[in-house]
Every structure is written in structure tokens, then in C-alpha cells.
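Notes follow the structure.
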Amino acid sequence: NVGKSKAQVYEKGDKTNRITFKDVAGQAEAKQEVEEIVEFLKQPQKYTELGGKIPKGALLVGPPGTGKTLLAKAVAGEADVPFFSLSGSDFVEMFVGVGASRVRDLFRQAKEKAPCIIFIDEIDAVGRARGKNPSMGGNDERENTLNQLLTEMDGFGSNSGVIILAATNRVDILDKALLRAGRFDRQIHVDLPDLNERKEVFGVHLKPLKLDHSVDIDLLARQTPGFSGADIANVCNEAALIAARHGRPGKQDFLDAVDRIIGGLEKKTKIMTAAEKNTIALHEAGHATLSWFLEHANPLIKVTIVPRGRALGAAWYLPEERQITTKEQMLDEMCATLGGRAAEELFTGHISTGAMNDLERVTKQSYGMIAYAGMSDKLPNLCYYSNEEYSFSKPYSDRTAELIDEEVKRMINEQYDRAKAILSEHKDGHNKLARLLVEKEVIFAEDVERIFGKRPWTSRS
Ligand code: ADP
Ligand code: ZN
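Numbering (this note's numbering), first residue to last: 37 to 497.
See the structure below:
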């Protein structure tokens, strides 16, 4: 049976498990884009009589957990048609010919049930660009599978009633043949939710819960920047579990759940020496002080030295929800990120491994700014980005490579010096902040305001 498709099939008319657009929070644009597909699946004849031409396939592009699978199911649910679901990796097997035969089997089944939806999650597992680099030797089995998929897509007319939705986070690595007209020629972006959308996602997942009146959905949405829909679903689950011991979940259960999801379980009992605690407090207070005094740094929500997951301490900020970022904003963020190491050096006289993640971020960001965003004076308006999968040669000369390295070093040094200057200027406040952190382990924006006074910059919006 290895050659049989491993697709899960959801039949039409299954009312109890049926997912519709109202289960998908936010994603207004994506929903609007798939609306046409729903209309077509509902009444294919009417659609074709009017001369409408429907795409055979669309790519749902976005990070994990943003609801791509959910949206595809909702398309099938809205149209009340069968839904075939499988992952790209299900095709790929060690045995020669299995992948291709599974693709054939899948399309045969789907055509029998048309109109219907085929959903292929992680299409990149089969759809990576075919051997661009001859010396590495291709993955023949995967390529055969991909070729079969292309053949099947070309083999049925655009109005046969089978529509293929596929999900990926990496359009850039897909074989260009997949993206050609008549195949996956449409891309629908499914992004991480912004503040209002997070509120909507909470709305969906809080509905089945019996809540304590203290739960504040606005606060929860504000506390979860960067969370995906799946992360938010997890928070709701976790809060219900935490509350199970005492009754209905309330505000604190949700905040605890947010903390757990952010950084793994709180390990308050983990033994930390007094000296370590002090260093981490100085480090985190460094980030907090800088983000307070830098105009474009993200506004601070809370700072903690409680170890969680991989990161030692952590400062949570509200990222501004913005599409484009200016050089000034990026430099301020870089400066604030360097504030941890800078504070360690200034106030303990030592530097530690505690800043490793910060340094990694800063280095990557700086390379991006200089080599991709054309933001350095010595290499203005040049973008050396390349999306070739196997590019062994850099798209610039050795001399340029050296210049990029120099500019990165210069940029980071400048921001590091700036961080030290600001910290020296606000040394007393920074030290108060660090002592408060040692004492309370967690402090909030209000505490920082009590020490430094109102933030000189009001939050931009
Ligand atoms: P993806 O396919 O993008 O990785 P999924 O669709 O599998 O994400 O999402 C996983 C779960 O997260 C969903 O079943 C749902 O519970 C929740 N979820 C994700 N996005 C949303 C959303 N926009 N609205 C409501 N729930 C969501
Ligand atoms: Zn840090």
C-alpha cells in the first residue's frame, strides 16, 4: 500500500467538524482572496458559464501557526466540498517511485470527488528547486515526485473542480516551475496577527471557556506581540489547565500562561548565585534604560531576571506594528540590544556569555542593513541579496566583502559606544533599576517610570 496517497479525507456534509470562515480570526485579506475559490466550488457550472477562470492552485505563504491549514479547511467548509489534506513530507519516501505514485493516487481520488480541495502542507518538502548545483547530486526521488505533481497539475483543465492549496513559509526556495501560470500562480499571504487581530484570535479561543470576570482581552492582546494564532490557542489551553486547580481561569492564569509560552516554564527554583543574579540584573537594566531613553526603541512592558527557557533574563517590548523600518529605528534598536553587554562591561568590569543572543541579533541585523538594505554611507543604495539556493560565490567582489565587514564593525562599535555613553549618563537610575530587579525579579514600565520619570518620547502611533 506504499504507493497509495496518505491523505486525510474530510467528506462533505460533516456538519459537526465543519470549519468555516468565522473560525479563522483576522486574516481579512486572505479570506477575501479565497472567497472567489469558494464561490467557484459552490457552483462550478454557473461560474464557467459566465466565463470565469479559476486558478488551479494557490500558495498560502506565511510563518507556522498562522492559520494556513485552518483557512484551507474553511474554504472547503464554506463551499461544503471534500477536503484532502497531507504534508509535502508524506510524499517523500526512501523507495524509488513511491512519491510519484502517491501523487497519481491522490489526484485520481480527488478527481472522483470533484469539486474538492487538496491541501498540501509544507510543499517545500517536495517543491524545492531542482538540482541547481550539479556537483551536489540531485535528490532523484524528490524530483520525480515534483515532476509528477507538475504533470498532474497540467493534466486537468482549469475548471475540473479540483483546487490545490499549498502552504509554505519559503516561496524563495520553491522550484520556479511550480509558480508558473496554470500552477501555483497565486500567492496569498497569511501573516502573524497584529494587535487587533490577536484580539480576534483570543475571541475565538476564549469563547468555549468559562472565564472569570477579571480576564481582559485587550491586555492579553497587548501582552502577546509576535504570537501566532497557534501560540494564542496554546495560551488559552494552558490558562485553562493552570486554572483547573482552583476554578475558572482569570487574568493571572492567562498572564502566567503567556509567560510559559514565551519562555518555557518559569524556573524560579533554579539555583543562581548572588553574583550571577546581580550581573543579569545589570544586563537587563541596561536594555531597559536604553529603551527608555532612545526615541525609536520599542516601548518596554516588563523586565525580568527569572530564568526562562534558553534566555537568562529577558525584557519584553511592544514592537511597533510597522511595515517599513527607518535606519534611525534600526540603529536605536541595535543600541538598546547592545545595552546588556555595555552595562556588564561598565558596571562589573567583566563581559560574559549572557550577551551572546544579543550579539547574534545585532550582527545579523547590521549585515542586513549594510549588505541588503543599502544603509551604509560607503555602500549606499546597494542590495546584495541573493535567493539562489546554492550560491557558492558571493554576488560581490572580495574588496566589497571587506568593505561590508568593516562597515558592520564600524556600525556596531558606534552603537556600542553610544550605549555606554547613555548608560554612564543615567548611571544612578540604571543602578536603582538593577537593585529593584534583584529584589523583585520582575518589574514593569511603571517601575521604570518611577525611577527615570516620564519617558521623554511618547509612543509613536
Ligand atoms: P499553519 O497551517 O499556518 O501552521 P494552523 O492552521 O495549523 O497553522 O494553526 C494551528 C492552530 O492554531 C489552529 O488549529 C487554530 O487553533 C489556531 N489558529 C491559528 N491561526 C488562527 C486564526 N487566524 N484564528 C483562529 N485560530 C487560529
Ligand atoms: Zn540581553
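Just so it is clear, CB atoms sit at the ideal spot from N, CA and C, and this is done for glycine as well.
Inset, instruction - Compare the C-alpha of V474 against each of H319, L210, V162, R234 and name the closest. - result: To locate residue 474, count along the sequence shown from 1; it is residue 438. For the residues H319, L210, V162, R234, the minimum Cα distance to V474 belongs to H319.
Legend entry - Chain-order list of residues whose beta-carbon lies under 6 Å from that of L210 (same chain, five-residue window excluded): What you label residue 210 is simply residue 174 of the sequence shown in a count that begins at 1. Closer than 6 Å at the Cβ level, and outside the excluded window around L210, lie G163.
Inset, instruction - Give the single residue among E450, H332, L201 whose Cα lies nearest to the Cα of E69. - result: Looking up residue 69 in the sequence shown gives position 33. Comparing C-alpha distances from E69 to each of E450, H332, L201 shows the shortest one belongs to L201.
Inset, instruction - Can you say whether L107 is buried or exposed, counting buried as having 16 or more other CB atoms within 10 angstroms of its CB? - result: Within the sequence shown, numbered from 1, the residue matching residue 107 stands at position 71. Classification of L107: buried, given that the 10 Å Cβ count is 16 or more.
Legend entry - Those residues, in chain order, that have a beta-carbon closer than 5 Å to some heavy atom of the ligand ZN: G376, D394
Legend entry - Residue span of the alpha helix (DSSP H) that contains I316, given as start and end: Reading the sequence shown from its first residue, position 280 is the one you call residue 316. Unbroken alpha helix (DSSP H) run through I316: 310 to 329.
Inset, instruction - Taking 9 Å as the cut-off, decide whether the C-beta atoms of H241 and F329 are in contact. - result: What you label residue 241 is simply residue 205 of the sequence shown in a count that begins at 1. What you label residue 329 is simply residue 293 of the sequence shown in a count that begins at 1. In this structure, H241 keeps its C-beta atom at 9 Å or more from the C-beta atom of F329.
Legend entry - Contact test: P244 Cβ vs the ligand ADP heavy atom, cutoff 8 Å: As a working mapping, residue 244 is identified with position 208 in the sequence shown. No, the Cβ of P244 stays beyond 8 Å of every heavy atom of the ligand ADP.
Inset, instruction - Just tell me which of D227, Q401, D413 has its CA closest to the CA of L439. - result: Against the sequence shown, residue 439 aligns to sequence position 403. Comparing Cα positions, the closest option is D413.
Legend entry - Delimiting residues of the beta strand (DSSP E) encompassing S18: Any question about residue 18 goes unanswered here, given that the chain covers just 37 to 497.
Legend entry - Rounded Cβ spacing between R219 and G98 (contact assumed at less than 8 Å): As a working note, residue 219 is residue 183 in the sequence shown. As a working note, residue 98 is residue 62 in the sequence shown. With a Cβ gap of about 20 Å, R219 and G98 do not count as contacting.
Legend entry - Exposed unless 16 or more other CB atoms sit within 10 angstroms - verdict on M392: On the sequence shown, position 356 is the one that residue 392 refers to. That one is exposed.
Legend entry - Cβ contact (3+ pairs, closer than 8 Å) linking the segment 108 to 125 and the segment 144 to 155: Touching, yes, given that three or more Cβ pairs across the two stretches are closer than 8 Å.
Inset, instruction - Counting only the same chain and skipping the five closest in sequence on each side, list residues whose C-beta sits under 6 Å from that of N205. - result: The residue given as residue 205 occupies position 169 in the sequence shown. Same-chain partners within the cutoff: P99.
Legend entry - Residue ranges of each alpha helix (DSSP H) within the segment 350 to 423, 4 or longer: Within the segment 350 to 423, the complete alpha helix (DSSP H) runs of at least 4 residues are 363 to 384, 392 to 403.
Inset, instruction - Going by DSSP, name the residue or residues bridged to H225. - result: Here residue 225 corresponds to residue number 189 of the sequence shown, with the count starting at 1. The partner list for H225 (beta bridge, DSSP) reads V97.
Legend entry - C-beta atoms of K468 and A409 nearer than 9 Å: Within the sequence shown, residue 468 is the residue found at index 432, counting from 1. Within the sequence shown, residue 409 is the residue found at index 373, counting from 1. Taking 9 Å as the Cβ cut-off, K468 and A409 do not qualify as a contacting pair.
Legend entry - Assigned secondary structure, R164 (DSSP; H/G/I helix, E/B strand, else coil): As a position in the sequence shown, residue 164 is number 128, starting the count at 1. Three-state DSSP puts R164 in a strand.
Inset, instruction - Answer yes or no: do I268 and L214 have a C-beta to C-beta separation smaller than 9 Å? - result: Position 232 of the sequence shown, counting from 1, holds the residue named residue 268. Position 178 of the sequence shown, counting from 1, holds the residue named residue 214. It is not a contact, given that the beta carbons lie outside the stated cut-off.
Inset, instruction - Report yes if the CB atom of I448 is closer than 9 Å to the CB atom of M370, and no otherwise. - result: Against the sequence shown, residue 448 aligns to sequence position 412. Against the sequence shown, residue 370 aligns to sequence position 334. Against a cut-off of 9 Å, the Cβ pair of M370 and I448 comes out as a contact.
Inset, instruction - Compute the minimum distance between the beta carbon of H225 and the heavy atoms of the ligand ADP, and state whether it is under 8 Å. - result: Position 189 of the sequence shown holds residue 225. Not so, every heavy atom of the ligand ADP lies at least 8 Å from the Cβ.
Inset, instruction - Using the Cα positions of L374 and V398, report the straight-line distance between them to the nearest angstrom. - result: For this step, residue 374 is matched to residue 338 along the sequence shown. For this step, residue 398 is matched to residue 362 along the sequence shown. L374 and V398: Cα-Cα distance of roughly 8 Å.
Legend entry - Rounded C-alpha distance that separates R454 from A372: Translated into the one-based positions of the sequence shown, residue 454 becomes position 418. Translated into the one-based positions of the sequence shown, residue 372 becomes position 336. Spanning the two alpha carbons is a distance of roughly 10 Å.
Legend entry - Enclosing alpha helix (DSSP H) for D453 [first to last residue]: To locate residue 453, count along the sequence shown from 1; it is residue 417. Start and end: 434 to 461.
Legend entry - 9 Å Cβ cutoff met for A61 and G239: Counting from 1 along the sequence shown, the entry for residue 61 is found at position 25. Counting from 1 along the sequence shown, the entry for residue 239 is found at position 203. Going by C-beta atoms, A61 is nearer than 9 Å to G239.
Inset, instruction - Drop a sphere of 10 angstroms on the beta-carbon of C272, count the other beta-carbons inside from all chains shown, and report buried for 16 or more, exposed for fewer. - result: In the sequence shown, residue 272 corresponds to position 236, counting from 1. So C272 ends up on the buried side.
Inset, instruction - Taking only heavy atoms of the ligand ADP into account, decide whether any of them is closer than 8 Å to the Cβ of S264. - result: Residue mapping note: residue 264 aligns to position 228 of the sequence shown, counting from 1. Yes, the ligand ADP has a heavy atom inside 8 Å of this Cβ.
Inset, instruction - Enumerate in chain order the residues of its own chain whose CB-to-CB distance from T384 is below 7 Å, with the five nearest sequence positions on each side excluded. - result: As a working note, residue 384 is residue 348 in the sequence shown. Excluding sequence neighbours, T384 sits near T315, L318.
Legend entry - Helix, strand or coil at L247 [DSSP, three-state]: Within the sequence shown, numbered from 1, the residue matching residue 247 stands at position 211. Here L247 carries a coil assignment [DSSP, helix/strand/coil].
Legend entry - Rounded Cβ spacing between T102 and D227 (contact assumed at less than 8 Å): As a working mapping, residue 102 is identified with position 66 in the sequence shown. As a working mapping, residue 227 is identified with position 191 in the sequence shown. Going by Cβ atoms, the distance from T102 to D227 rounds to 6 Å, so yes, they are a contact pair.
Inset, instruction - Would you mind reading off the limits of the beta strand (DSSP E) that contains I73? - result: Position 37 of the sequence shown, counted from the first residue, corresponds to residue 73. Not the beta strand (DSSP E): I73 falls in the alpha helix (DSSP H), residues 64 to 78.
Inset, instruction - State the DSSP-derived secondary structure class of I337, mapped to helix, strand or coil. - result: Within the sequence shown, the letter at position 301 stands for residue 337. DSSP places I337 in strand when its eight states are reduced to three.
Legend entry - beta-carbon D441 near the ligand PLP non-hydrogen atom, thresh 8 Å: Ligands displayed in this structure: the ligand ADP and the ligand ZN; the ligand PLP is not among them.
Legend entry - Buried or exposed (CB count within 10 angstroms, at least 16 for buried), P151: By 1-based counting over the sequence shown, the position of residue 151 is 115. The residue is buried, with at least 16 neighbouring Cβ atoms inside 10 Å.
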